[in-house]
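Numbering (this note's numbering), first residue to last: 362 to 699.
Even for Gly, the Cβ is constructed at its ideal location relative to N, Cα and C.
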Ligand SMILES: C[S@@+](CC[C@H](N)C(=O)[O-])C[C@H]1O[C@@H](n2cnc3c(N)ncnc32)[C@H](O)[C@@H]1O
């Protein structure tokens, strides 16, 4: 009950923040789609087999990305995805949020840390995943994120140590000495990396020898054919809906982990289809409700337009996962040799 009340307060607070958005911020947000998600780099299976080098995501530290996340984090909080990731289907009978926790439990088990361990989250959102990981492991959680507004929310979270959460960019040198953390993890922020080799080496550097890195992020699968117009369209729609940056074949990821010095322990893809269907249905209901509240002038039209933009073409994401063109949950665990 208390948890439900906190969840409702968080959603109302997000709605309150959305109501404060100015016309200029609204327009700036809408134009981020063109700046961030058109012409994004792709490195597919064909590229891999032709030995074409992976292309990083150039806009991974841009003001447009920060602007996008300031607003999208509020829109995500209205639904089940305050944690801003679509989890794999760990248990089809459970909700999206419960599936997130199941993934986090799996990650915690694979990171294999003790109670007094130090764990770093890369691109930590508002700290909601870190809060859950702290509850699961009893360890000390740290995190950094490029968007200050999300870090400010982490600072207000009583379950987290505010000084452990900072504004930071994973495309720049990490603000930690060598061999600091027992474990590092990243859940769906890493497609914004501009130079994969650089960022993975930074993760490797701040991990203690024997420490583990847990990764769960977007990967292109064997079936994706860039020359197929319908595949390209499905992926473009999925990109705009789920806001990933670079689209990289899973073997590019695996090679990059190994090249940074890691020993790869696990690497496998999971489907999220049943979870996506639940979330798409929820935002469909929001669209109807917000459209009605706009028509009777209870809410300004911009809130409805934001929801509609965010939710557009969501059926394509379901189709892209069903056809196994993409997984938003390529899951890998690796260790820094002792
Ligand atoms: C799709 S969300 C992933 C979910 C996230 N792990 C969470 O806790 O909400 C991507 C996150 O990466 C952050 N991010 C994007 N680019 C970044 C960068 N260059 N450095 C650090 N964080 C970044 C975004 O602000 C956002 O919080």
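- At a Cβ-Cβ threshold of 8 Å, residue 390 and residue 428 count as neighbours.
- In the DSSP assignment, residue 474 falls outside any alpha helix (DSSP H), carrying neither H nor E.
- One thing to note: residue 402 has its Cβ no nearer than 8 Å to the Cβ of residue 630.
- Distance from the C-beta of residue 536 to the nearest heavy atom of ligand 1 is not below 7 Å.
- Per the C-alpha coordinates, the member of 522, 509 and 562 positioned closest to residue 533 is 562.
- Going by DSSP, residue 649 is part of the alpha helix (DSSP H) stretching over 634 to 656.
- Taking the C-beta atoms as reference points, residue 614 is found nearer than 8 Å to residue 693.
- By the 16-neighbour rule on beta-carbons within 10 angstroms, residue 524 is exposed.
- Relative to ligand 1, residue 626 has its C-beta separated by 7 Å or more from all heavy atoms.
- Using a C-beta cut-off of 8 Å, the stretch 450 to 458 makes no contact with the stretch 504 to 518, since fewer than three inter-stretch Cβ pairs fall below that distance.
- Residue 448 and residue 462 have their alpha carbons spaced roughly 9 Å apart.
- For residue 507, the CB falls within less than 7 Å of some heavy atom of ligand 1.
- Short note on residue 419: C-beta not closer than 7 Å to any heavy atom of ligand 1.
- DSSP places residue 501 outside any alpha helix (DSSP H); the residue lies instead in the beta strand (DSSP E), whose first and last residues are 501 to 506.
- Of all alpha-carbon atoms in 376, 367 and 370, the one lying nearest the alpha-carbon of residue 647 is that of 376.
- Counting only the Cα atoms, residue 696 lies some 7 Å from residue 625.
- In the three-state reduction of the DSSP assignment, residue 452 falls in the coil class.
- Under DSSP, the beta-bridge partners assigned to residue 481 are 503 and 545.
- In terms of Cβ geometry, residue 422 and residue 487 do not form a close pair [threshold 8 Å].
- If you look at residue 668, you'll find it in the alpha helix (DSSP H) that goes 662 to 672.
- Under the DSSP definition of a beta bridge, residue 595 lacks any partner.
- The shortest CA-to-CA distance from residue 634 to any of 678, 520, 627 and 598 is the one to 678.
- If you draw a straight line from the Cα of residue 569 to the Cα of residue 367, it is about 36 Å long.
- The continuous beta strand (DSSP E) containing residue 694 extends over residues 687 to 696.
- In terms of Cβ geometry, residue 650 and residue 682 do not form a close pair [threshold 8 Å].
- At least one heavy atom of ligand 1 sits closer than 7 Å to the Cβ of residue 486.
- If you compare the alpha carbons of 553, 653, 579 and 450 with that of residue 686, the shortest gap goes to 579.
- Annotated three-state conformation of residue 372 is helix, per DSSP.
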